[in-house]
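Read through the structure below, which is laid out as structure tokens, and then see the notes.
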């Protein structure tokens, strides 16, 4: 049986049960935050925009036990629970100081493409609901 990935010590279900106001105040700030997910440390930014959620992942250290798929499921479930129309992903972590060599392959399998975003190359994907 696979071990559940915890996000800052919380399970996916516990996070989804948090009041929307609490998530907006702590996570959806549009400011960079560092958080743990499983054995990974992630530098990311989350913001609500015009009925969609913008997720930017700048750096990912560690992991390898299914952190990214778990994060994708959590974020997509949250977006659906809020009746958002899409999640837009921008991933710069492929170009960070210590990139995870498997990350590029994982992103491409999920349908991410390389785009020029604000003067830098990044992996981009828009998940519509």
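In our numbering, the protein residues as written are 493 to 621.
Each residue gets a CB set at the ideal place from its N, CA and C atoms; glycine is no exception.
Keep in mind it's a predicted model, so treat the numbers as computed, not measured.
Using DSSP with H/G/I as helix, E/B as strand and the rest coil, what is residue 579? strand
Would you say residue 578 and residue 544 are within 7 angstroms of each other, going by their C-beta atoms? yes
Which whole-angstrom value is the C-beta distance of residue 574 and residue 512, which I expect to be below 8 angstroms? 7 angstroms
Could you tell me how far apart the beta carbons of residue 497 and residue 559 are, in whole angstroms, since I believe they sit closer than 8 angstroms? 6 angstroms
Strictly by DSSP, which residues pair up with residue 514? Residue 514 pairs with nothing; no bridge assigned.
Should residue 586 and residue 593 be called a contact, given that it needs their Cβ atoms to be closer than 7 angstroms? no
Rounded to a whole number of angstroms, what is the C-alpha to C-alpha distance between residue 551 and residue 532? 10 angstroms
Complete alpha helix (DSSP H) runs within the segment 544-580 (minimum length 4 residues, chain order): 559-573
Beta carbon of residue 541 nearer than 7 angstroms to that of residue 520: no
Would you give the residue range spanned by the beta strand (DSSP E) that residue 605 belongs to? 605-609
Give the straight-line distance between the Cα atoms of residue 534 and residue 518, rounded to the nearest whole angstrom. 15 angstroms
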